[in-house]
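Protein chains: 2
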Amino acid sequence: MKRKITLKQIARELDVSISTVSKALRNSAEISEDTKQKVQAFAKLYNYKPNNIALSLKNRKTNTIGIIIPEIVHHFFSKVISGVETVANKRGYNVIIGLSNESFSKEVINMEMLANGSIDGFILSISKETLQLQDYHHFNETMSQGMPIVMFDRVVPDINCDKIIVDDFNGAKKAVAKLIKNGCETIAILTTKDYVSVGKLRTQGYLEALQENDITPEANLILKLDDTLDYEVHLDALETEIEQLFKLNPSVDGVFAVNELYALTAMKVARKLGLEIPKDIQVIGFTDGVLSKHATPSLTTVSQHAQQMGEKAAHLLIDKLESENEDEEEVYQTLVIETELIERESTK
Amino acid sequence: MKRKITLKQIARELDVSISTVSKALRNSAEISEDTKQKVQAFAKLYNYKPNNIALSLKNRKTNTIGIIIPEIVHHFFSKVISGVETVANKRGYNVIIGLSNESFSKEVINMEMLANGSIDGFILSISKETLQLQDYHHFNETMSQGMPIVMFDRVVPDINCDKIIVDDFNGAKKAVAKLIKNGCETIAILTTKDYVSVGKLRTQGYLEALQENDITPEANLILKLDDTLDYEVHLDALETEIEQLFKLNPSVDGVFAVNELYALTAMKVARKLGLEIPKDIQVIGFTDGVLSKHATPSLTTVSQHAQQMGEKAAHLLIDKLESENEDEEEVYQTLVIETELIERESTK
DNA sequence: GGATGTCACGAAAACGTTTTCGTGTTAAAA
DNA sequence: TTTTAACACGAAAACGTTTTCGTGACATCC
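Quick note, the sequences are listed as chains A and B, same order. Residue 141 in full-length UniProt numbering sits at position 141 of the first sequence, with consecutive numbering throughout. Residue 344 in full-length UniProt numbering sits at position 344 of the second sequence, with consecutive numbering throughout.
Structural data, given as C-alpha cells:
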C-alpha cells in the first residue's frame, strides 16, 4: 500500500533538489549526464509518473473535456461519446461525462460542477427541458468565463458557439423523396412537438419533399407526438395513436418517422392491421441504431453518422483549446454533417 | 472574457488576507460578522466557486471515479454507466470514462492515464483481450498504490478486489428450466467460447437445467460462437451457423441464447425456415436491452439489472473511499445481482 | 592575476486552496 | 496598573509540479 512516489521523495532519496529531479526527468541540458542517468533510473524503478492534478493546477489546463448529454442509454448519444472519446484520447485528453436526464436543473448543476476547474471545455447537447424553458444563461456564463462550448445535434441559434448539426432538413427530404419515388402516394409523418429543433426540421424536410413533388400535405397525416413521455413506458399510448392514424387514413402507403422507435412501432401496428411491409406500406426511420438494423423487416433509415459527429466535435473543441488566440476575436463555425439513406427491407 | 475569480483576487479587492476570505466563506467563528457579510456578499456577486483542481491537490482527493469499459455503444454498459453516474452524482462525485475497445493495451494506457491522480478509484469490466491474455498486472499495480477497484460483470477470481456479478449460472438455469416447463424437448444453446467467463457460466447453467430434468445434453446442440468477430459485421456468418444447427437438428423446439443478438438472429433464421414462434420453437435471450423489447415477436429474456449493477458498484466504491480505514485489513466482497426472467412473446 | 564564461545545481515562486499557529488590539479581571 | 483572555485577523506551510533566476566552482582567456 505504498503511495505513488513524488519528486520530493526522489529528491530526498538521491540527495539532490526537487528542481534537479524535475529537470533530469525532462532531459534538461542543465543537468549532467551522470545525474540524469541516476535520476531516470531511479524514477523508472519506482515507476514515477507526474501527478496530473498538480500539473493541471500549475498549467491551468486539465486536458480533460466535459460532455453533457441528456441520456446515455441511447444509441445516438453513446455513439457520439464513442467518437469524442476516440479523438480525445488520441490527442491526449480525457473525457468526463455528465448526464442531464433531460432536466434543466441537472444540466445546470452538472455544468457548474465541471466548470470549476475540472475541465477545459464542453461538448454538449441541450436537454429537452432547457429547450422548452429557453433559459440559456448557464451556457453564456460558462462561455463568458473563457470556457469554450461545442454543441451538437440539439442546438439553438440564440447561443453563439461552435456547433455540429445533422442536416435534418435534407435528410428528411431525401427520405420522403425516396418514398415518393418508390410509388407512395399518401405519406404520413410521425414526428415530435416543434420545440425539439430536430423534430421541427425533419417535419419541414417532409413538407418540402411533398411540395417539390406537387403533393398537398394533409394535416391529418402529420402526427406530432408528445415525446416528453418516456418512450419505454408509454409504448401503448404510442401504438394507439399510430393505429388511429392508420385507421382514419386507410390510403396511407408510406410512413416517415423521425426516430427508430416511432418507425418500428408503425411497422408493428401496420402488421397488426394486416398490412405487408414493404408491399402495402413502406417505412423509413431516422437514426441508424441497432433497432433499425435488427428489426424484421429491417428498417430503411436516415443515418446521422453519430460517431463522426462526436469526432468532429472533439476536434473542433481541442483545436480551439490549443489555438488560444486570446487576442484574435472569436469566430464560431457550424459544421453540418450530411445524412445518408441506408436502404433495407422496409422499402421497395 | 473575465477568468474565474479566486480567493486571492477577492482578498486584494477587499483588502484582507486570503486566509480571512477563505474562513469567511466557510463561516468560521474566527471571523467577525461584519467581515463575513462583506466577503460573502462580494463572493456571491462575482459568483465565486472554489477551484476543484486546487481542492483536489490540497485534499489529495479528486471526488472523481474512473470507469473503464470495453465499449460504450452497448445497452448493457451504457446502462451500468447510467447507474454509476446517478449514485456518484448524488454523493458528490464525478465520473470519467475510459474505453478499452476490448483491447488490452488500451485498457492499460487508459488506466495509467487516470491513475496518476485524476481519480480516486476505478469501476471496470475487463476487456476480452485481457481475459484471453490473462495478464492482470495493471490491476494489481493500481491497487498496490492504494487505489481501490470495483469490478463488474466480467471478473476473474485471480484478482482480489470488490466485485459485482450477475448470477449468470442461475439466470441461465432458470431460463432453460422455463423452456422445459413450457414443453420444449430439444433445446439448443447459442453461446460464446469459454474464455468469456459469463458465456461459460451461462453454458453451465444450461447444462445443469438439462441434467435436473433428466435430459442428456447433446454436443451438436451446443453452438459456441466466436465473439471476437464484430457482431455487426459478421451477421451473415452468424446466420449461417445457426441455420446449419437448425437444419442438422430439425427437432429443436427451444433455443437459449446468451445474448440478444444471437436470440434475434435465431428467431430470424427460424422464421426463414418456416417455423412459427413460439408455436414451433421458443426462444429466450440474455440481457434486457432495446432489441428484446422491440423485436417482433418480442423476446423473453433474462434481465441483468444493469442499472442496479452500476448503482451498487458506485456505492461499494464510494463507501470504500470514504471509510479509509488504512489500518483495518482489507476485506473484499462480491455482490451477486439476481437475474429476472422477463416473459414476452417468444415463449408460450 | 583578474575578468569572463561555462557548468551543474538549488532556491523560490507560482498555480488556488485550507488550516495551523502566531500576534496585535482591546476589554475584562485582579 | 498589570495580567489575562477573548477577539479578529494574517503569515506560512502544504498539496506536487515546472520554470526562472541566482550562485558557487571551475576553467579559459587576455
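C-beta atoms are modelled at their ideal positions from N, C-alpha and C, and glycine is treated no differently.
- Here the alpha carbons of residue 144(B) and residue 48(A) stand approximately 14 Å from one another.
- The C-beta distance from residue 142(B) to residue 169(B) rounds to 29 Å, too long to meet the 8 Å contact threshold.
- Here the C-alpha atom of residue 152(A) lies approximately 47 Å from the C-alpha atom of residue 187(B).
- Around the C-beta of residue 294(A), 16 or more other C-beta atoms lie within 10 Å, and the residue is accordingly described as buried.
- For the region 277-291 of chain B, the residues whose beta carbon sits under 7 Å from a beta carbon of chain A are, in order, 290, 291.
- Within the region 155-176 of chain A, no residue places its CB atom closer than 9 Å to a CB of chain B.
- Taking 4 residues as the minimum length, the alpha helix (DSSP H) runs contained wholly in the region 235-306 of chain B are 235-248, 260-272, 290-294, in order along the chain.
- Around residue 209(A), the same chain offers 173, 176, 177 as residues with beta carbons nearer than 6 Å, after the five sequence neighbours per side are excluded.
- The beta carbon of residue 85(B) falls within 8 Å of a beta carbon belonging to chain A, placing the residue at that interface.
- In this chain, the alpha helix (DSSP H) harbouring residue 34(B) covers 33-45.
- Burial state of residue 270(A) is buried, judged by a 10 Å Cβ sphere holding 16 or more other Cβ atoms.
- For residue 70(A), the closest Cβ of chain B is not nearer than 8 Å.
- Contacts between residue 315(B) and chain A, judged by CB atoms closer than 7 Å, are missing: the closest CB pair is about 18 Å apart.
- Using a CB distance cut-off of 8 Å, residue 50(A) counts as an interface residue toward chain B.
- Taking residue 345(B) as reference, the option from 279(B), 252(B), 287(B) with the minimal CA-CA separation is 279(B).
- Residue 337(A) sits in a strand when the DSSP states are folded into three classes.
- With a cut-off of 8 Å on Cβ pairs, the region 26-39 of chain A is not in contact with the region 92-105 of chain A, counting fewer than three such pairs.
- Below 8 Å, too few C-beta pairs join the region 301-318 of chain A and the region 6-15 of chain B to call them touching: fewer than three.
- Remark: three or more beta-carbon pairs, one from each stretch, lie closer than 8 Å, so the region 117-135 of chain A and the region 61-68 of chain A are flagged as touching.
- For residue 117(B), the residues of chain A that pass the 9 Å Cβ criterion are 4, 49, 50, 51, 52, 53, 54, 55, 56, in the order they occur in the chain.
- Per DSSP, the beta bridge partners of residue 166(A) are 337(A).
- In the three-state reduction of the DSSP assignment, residue 86(B) falls in the helix class.
- Of the candidates 333(B), 241(B), 304(B), the residue whose Cα lies closest to the Cα of residue 259(B) is 304(B).
- One alpha carbon belongs to residue 185(A), the other to residue 301(B), and they sit about 40 Å apart.
- Residue 264(A) counts as buried, since no fewer than 16 other beta carbons sit within 10 angstroms of its beta carbon.
- Within 7 Å of the CB of residue 264(A), the CB atoms of chain B belong to 294, in sequence order along the chain.
- Two segments are said to touch when three or more pairs of C-beta atoms, one from each, lie closer than 8 Å; by this definition the region 66-79 of chain B does not touch the region 130-137 of chain A.
- Taken through DSSP and simplified to helix, strand or coil, residue 177(A) comes out as helix.
- Note on geometry: alpha-carbon atoms of residue 96(A) and residue 113(A) lie some 11 Å from one another.
- Inclusion of residue 222(B) and residue 256(B) in the CB contact set at 8 Å is not warranted, their separation being larger than that value.
- Taken in chain order, the members of the region 250-261 of chain A whose beta-carbon sits within less than 9 Å of a beta-carbon on chain B are 260, 261.
- Going by DSSP, residue 98(B) is part of the beta strand (DSSP E) stretching over 94-99.
- Interface with chain B (8 Å Cβ-Cβ cutoff): residue 62(A) is included.
- Put simply, the CB of residue 21(A) is far from chain B, with every gap to its CB atoms at 8 Å or more.
- In the three-state reduction of the DSSP assignment, residue 224(A) falls in the strand class.
- Taking the C-beta atoms as reference points, residue 227(A) is found nearer than 8 Å to residue 196(A).
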